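J.: Below you'll find the structure I mean.
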Amino acid sequence: MKSQNPDRHVIANPLISYFDALVPLTADEQDDLAVRVAEQVLKRKEFVLQAGTVCHHYTFVVEGCLKMYSIDNAGKEHNLQFAAENDWMADISSFYSDKPSKLFIETLEPSRILIITKDDLLFLYKQYPKFVRYFKVIFENKFVEMQNRVLQNISSTAEERYLTFLEQYPNLSNRIPSTQIASYLGITPEFLSKVRKDLAGK
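Counting from 11, one number per residue, gives the positions in the sequence shown under our numbering.
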């Protein structure tokens, strides 16, 4: 079956390829996904989500890198997650509760993203149960990622947290500023430099 939405398919192709790598999509599934995906091209330091607004969509990164962070009462940023190519980001709590987010999602690099709204996602869930399984896995992986991060902050050393960061984000250590990595690890950039030197000396 030939696609009825060739232009939309070009935009959605990275996401279609992502899902195809899990379980191939039918032509109808590809078409319905393609018409429900919107593309955004963003410069560095542009917001995908700001605190105080509701997170209305899931974001898939085609190119670039995003960070999700909070700001404490003293105005200090605390990075919670990163997402680069072929990864997802959303404030899942705000997305499903329709309540204002307490988090920010911002680009660290010029980025191209694909977004899918809650209504469109619910349509795909209803029409094609395959997407329920897909997004269940995405949700569970992000939940496990955040759970492990909380446990590490309680019981792991800075060196252990940094090694886990390298394992989880193997392509980001040389792409994003040390200040961003240090914020994610909960240490100062100076201490991150010491951790790196100590590891290099082993």
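Built from N, CA and C at the ideal position, the CB exists for glycine as well. Only a predicted model underlies this, so the values are computations on that prediction, with no experimental measurement involved.
1. Just the C-alpha distance for PHE92 and ASP108, rounded to the nearest angstrom, thanks.
2. What separation, rounded to the nearest whole angstrom, lies between the Cα atoms of ARG171 and MET99?
3. Once DSSP output is grouped into helix, strand and coil, what is the label at LEU118?
4. The alpha helix (DSSP H) with ALA93 in it runs from where to where?
5. Looking at the unbroken alpha helix (DSSP H) that takes in TYR179, where does it start and where does it end?
6. Fully enclosed by the stretch 130-202, which alpha helix (DSSP H) runs are 4 residues long or longer?
7. Return the first residue and the last residue of the alpha helix (DSSP H) that ALA44 is part of.
8. Indicate the three-state DSSP secondary structure (helix, strand or coil) for LEU53 in the structure shown.
9. Cβ atoms of GLU150 and GLU56: under 8 Å apart, would you say?
10. For THR189, tell me which candidate among ILE21, ASN89, PRO24, GLU73 has the shortest Cα-Cα distance.
11. If you drop the 5 nearest sequence neighbours on each side, which residues of the same chain put their C-beta closer than 8 Å to that of PRO24?
T.: The answer reads as follows:
1. Per the coordinates, the alpha-carbon of PHE92 lies some 23 Å from the alpha-carbon of ASP108.
2. C-alpha separation (whole angstroms): 21 Å.
3. Three-state result, LEU118: coil.
4. No alpha helix (DSSP H) holds ALA93; the beta strand (DSSP E) holding it covers 87-93.
5. Element bounds for TYR179: n/a, residue is neither H nor E.
6. The DSSP assignment places complete alpha helix (DSSP H) segments of no fewer than 4 residues inside the stretch 130-202 at 139-165, 168-178, 188-195, in order along the chain.
7. For ALA44, the enclosing alpha helix (DSSP H) stretches over residues 37-44.
8. One detail in the question is off: residue 53 reads as Lys in this sequence, not Leu. When DSSP states are grouped into helix, strand and coil, LYS53 belongs to the coil group.
9. When the beta-carbon positions are compared, GLU56 and GLU150 stay at least 8 Å from each other.
10. Of ILE21, ASN89, PRO24, GLU73, the residue nearest in Cα terms is ASN89.
11. Only PHE70, VAL72, ASN96, LEU124 meet the Cβ criterion.
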